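Working notes, beginning with the structure itself.
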Amino acid sequence: MKPLAGIILAGGLARRMGGGDKPLREVAGISLLQRVIDRLLPQVQCLALSANGPADRFAPFGLPVIADVIPGHLGPLAGILSGLYWAKAQGLEYCLSAAGDTPLLPLDLAPGLWRQSQEGGRAVIAISGEHQHPVFGLWPVGLIEAMEQALAAQQRGVWRFAQAQGAGLAPWPAQPIDPFFNVNTPDDIEVLAKILKPR
1 MKPLAGIILA GGLARRMGGG DKPLREVAGI SLLQRVIDRL LPQVQCLALS ANGPADRFAP
61 FGLPVIADVI PGHLGPLAGI LSGLYWAKAQ GLEYCLSAAG DTPLLPLDLA PGLWRQSQEG
121 GRAVIAISGE HQHPVFGLWP VGLIEAMEQA LAAQQRGVWR FAQAQGAGLA PWPAQPIDPF
181 FNVNTPDDIE VLAKILKPR
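Going by UniProt numbering, the final residue of the sequence shown carries number 199, and the count climbs one at a time with no gaps.
Spelled out as structure tokens, the structure:
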């Protein structure tokens, strides 16, 4: 496996939880974002956060904060594009993207995606059970131009873009616990707390 840059999409607003930065919500005293960082950092050569607005709110995490290279809050595809530019600036050919509200992400996410990439020749996204998780993907920096064109054409969907590029699929089991379980509501916080509770 070649060295990978990693980008965590950390700018999502917690509208269903009263607003604010959802990845900063804490469960059992640790933020969702810190849990994602702890699981992803050992899998990549360098790691950054994708977020717009004041970067200092993420200062405690000690990671670069990358704003969208295309203004307008165009969603996760724009964050991934910014991650690709950042990866290229680090001299790397690939960027792994992940969501900042998914604290159980696989500890083998990077190798699992790479195995389906045809030795880095194509993009790959994660699936669990019958569900696609396109923001969890491996993206060659060679896709920068195609991603820019998609965004310019108002085609903002990550899954749609991945399909258009012939992306591979990397499977993970959804049972007993889906590693791509993401926290969207107060009820999800309670579910996560139960999952994390020592047995």
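For every residue, glycine included, the Cβ atom is placed at its ideal position computed from N, Cα and C.
Quantities reported herein were computed from a predicted structural model and do not represent experimental measurements.
Subject >> ALA87: first and last residue of the uninterrupted alpha helix (DSSP H) it sits in >> reply: Counting along the chain, ALA87 sits inside the alpha helix (DSSP H) bounded by residues 76-89.
**OP:** For GLY6, I'd like the list of residues in its chain whose CB is within less than 6 Å of its CB, leaving aside the five on either flank, ordered along the chain.
**Re:** Closer than 6 Å at the Cβ level, and outside the excluded window around GLY6, lie LEU40, VAL44, LEU47, LEU96.
Original post:
If we count Cβ pairs, one from each stretch, closer than 8 Å, do we get three or more for the region 134-154 versus the region 112-119?
Top reply: With a cut-off of 8 Å, the region 112-119 and the region 134-154 count as touching, because enough Cβ pairs lie within range.
Subject >> Span separating the alpha-carbon of ALA170 from that of GLN118 >> reply: Looking at the two C-alpha atoms, the distance is approximately 12 Å.
Original post:
Do LEU77 and ALA150 come within 8 Å of each other at the CB atom, strictly closer than that value?
Top reply: Contact annotation: ALA150 and LEU77 have beta-carbon atoms nearer than 8 Å.
Original post:
Would DSSP call GLY137 helix, strand or coil?
Top reply: GLY137 falls in the strand class under three-state DSSP.
Original post:
So ALA28 and PHE58 are in contact, right, with Cβ under 8 Å, and what is the actual spacing, rounded?
Top reply: Incorrect: roughly 20 Å between the Cβ atoms, too far for contact.
Subject >> GLN132 in three-state terms, based on DSSP >> reply: GLN132: strand per DSSP, three-state reduction.
**OP:** Look up VAL124 in the DSSP assignment and give the residues it is bridged to.
**Re:** DSSP output for VAL124 lists LEU138, GLY168 as bridge partner(s).
Subject >> Own chain partners of GLY166 with C-beta closer than 7 Å, once the 5 adjacent residues on each side are dropped >> reply: Once the five neighbours on either side are set aside, the close Cβ partners of GLY166 are ARG122.
**OP:** Would you identify the three-state DSSP class for ALA59, choosing helix, strand or coil?
**Re:** Judged by DSSP in its simplified three-state form, ALA59 adopts helix.
Original post:
Short check: CB of ILE177 to CB of LEU104, under 8 Å?
Top reply: Less than 8 Å separates the beta-carbon of ILE177 from that of LEU104.
Original post:
What three-state label does DSSP hand ILE70 in the structure shown?
Top reply: The answer is coil: DSSP assigns ILE70 none of H, G, I, E or B.
**OP:** Could you check which residue in GLY62, ALA99, PRO60 has the C-alpha nearest to that of GLY79?
**Re:** Comparing Cα-Cα distances from GLY79 to each of GLY62, ALA99, PRO60, the minimum goes to ALA99.
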